[in-house]
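A.B. asks: When you read off a place in the sequence shown, starting at 1, and then add 4, the result is the number in the working numbering.
My questions all concern the structure below.
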Amino acid sequence: MLLGLASILLFVFNGRIAGISGIMGKALSGERRFADLAFLSGLLAGPYLYAAVFGRFPAVTVVTPWPLIIIAGLLVGFGTRMGSGCTSGHGIMGLARFSRRSIAATATFLISGICAATIVGVLS
């Protein structure tokens with residue numbers, strides 16, 4: 005709910021959408037704006053703020069090998085550039101604006117996720 009509220013406020017007051025891939029792409033391309041850097045800094049600082057408030061990080065067990073995680077992350081980044089946005093941009097902001105491209109992208113995300121989960125479930 006807070007992500008949706010923050011996205012709406014960003015759009016209403018700044019006329020911009022809160023798509024993570026777009027913000028990250030601009031930051032990496034050299035088009036650095038204070039608001040984008042503050043947003044990305046908040047994303048990076050969030051887990052440490054959580055640990056400071058609650059005294060520890062949430063318990064998470066990672067069983068996937070790190071090289072596979074890195075490859076998966078790179079593929080996700082590549083896919084967001086090909087798809088003109090990520091799930092946050094399309095799913096939160098695009099759907100709220102009734103963007104046809106975002107409706108198609110979000111439907112594709114959901115169908116792909118269902119197919120992947122089904123395949124992994126069958127193979128496990």
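Beta carbons: idealized from backbone N, C-alpha and C, even for Gly.
(1) On the three-state DSSP scale, how would you describe Cys-119?
(2) Does the region 100-107 touch the region 24-42, meaning 3 or more C-beta pairs lie closer than 8 Å?
(3) Touch check for the region 87-100 and the region 19-36: three-plus C-beta pairs under 8 Å?
(4) Comparing alpha-carbon positions, which option in Thr-110, Gly-89, Leu-99, Phe-17 lies nearest Ile-27?
(5) Reducing DSSP to helix, strand and coil, say where Arg-204 ends up.
(6) Alpha carbon to alpha carbon, how far is Ser-128 from Val-66? Give it in angstroms, no decimals.
(7) Could you work out which residue in Met-97, Ala-120, Thr-110, Gly-81 is closest to Leu-7 when comparing CA atoms only?
(8) Counting only runs of 4+ residues fully inside the region 30-88, write out the alpha helix (DSSP H) ranges in chain order.
(9) Does chain C have any CB closer than 8 Å to the CB of Ala-42?
C.D. replies: Quick answer:
(1) helix
(2) no
(3) yes
(4) Gly-89
(5) For residue 204 there is no data in the structure shown, the boundaries of the chain being 5 and 128.
(6) 17 Å
(7) Met-97
(8) 38-58, 70-86
(9) No chain C is present in this structure, which holds just one protein chain.
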